[in-house]
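Colleague:
In the numbering used here, the protein residues as written are -5 to 127.
(1) Which residues in the same chain as residue 127 place their Cβ atom closer than 6 Å to its Cβ, once the five residues preceding and following it in sequence are excluded?
(2) What does the Cβ neighbour count give for residue 48, buried or exposed, with the cut at 16 atoms within 10 Å?
(3) So what does DSSP say about residue 63, is it helix, strand or coil?
(4) Is DSSP giving residue 38 helix, strand or coil here?
(5) Check each candidate in 124, 6 and 24 and name the one with the smallest Cα separation from residue 82.
(6) Report the partner residues of residue 78 according to the DSSP bridge assignment.
(7) Residue 22 lies in the beta strand (DSSP E); which residues open and close that run?
(8) Since residue 32 sits in a beta bridge, which residues does DSSP pair it with?
(9) Taking residue 96 as the reference, give the member of 52, 16 and 31 with the closest Cα.
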C-alpha cells in the first residue's frame, strides 16, 4: 500500500489532478516546501496546489521510489520537466520558459495517507534556467 500510495500521488501530480493529490494526504498534512514555510493542513496544501497549477506546468520523470520496511516513510527521486507559465512573486518574470531540474521528495505515511511531504530542488539552478531563457 505504501508504494502504491506514493505512485498514486505522483500520478495525480503528473495529471494535474489536485483533487487526486489531496485524496492522498491526511487532514493535518505538513507540507515542507523547498526554501519556504511549512504549510499545515489540507486546506493550505490545496491552496499551494492551486497556485502551482496556474504558475507552472510540470511533469515528473525518471521516478525512483523508496519505502522503508515499516511502510511509514518513503522517498522519491525524479527529474522535473516544467514550463514557467505565470510570474511568481519574488522570482524572475515568466514567459513560458522551460526547465529541467533534479528533485526529490520525502514522506511520512500514516493510516494509508501521506502526513508529511518535504520536497527539495536546487532553486539557484531553476532561477538560472528561467532567467537565461
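Ideal Cβ positions, reconstructed from N, Cα and C, are used throughout, including at glycine.
Modeller: Looking at the coordinates:
(1) Position 133 of the chain shown holds residue 127. So the list reads 91, once near-sequence residues are dropped.
(2) The sequence position of residue 48 within the chain shown is 54, counting from 1. Exposed: under 16 other Cβ atoms inside 10 Å.
(3) Residue numbering aside, residue 63 sits at position 69 when the chain shown is read from its first letter. Three-state result, residue 63: coil.
(4) For the purposes of this step, residue 38 is taken as the residue at position 44 of the chain shown. Residue state, collapsed to three classes: helix.
(5) Here residue 82 refers to the residue found at position 88 of the chain shown. Residue 124 is the option with its Cα nearest to residue 82.
(6) On the chain shown, residue 78 is found 84 positions in, with the first residue counted as 1. BP columns for residue 78 point to 50 and 91.
(7) Position 28 of the chain shown holds residue 22. Run containing residue 22: 19 to 26, per the beta strand (DSSP E) assignment.
(8) In the chain shown, the residue the question calls residue 32 occupies position 38. Residue 32 is bridged to 26.
(9) As a working note, residue 96 is residue 102 in the chain shown. Per the Cα distances, 52.
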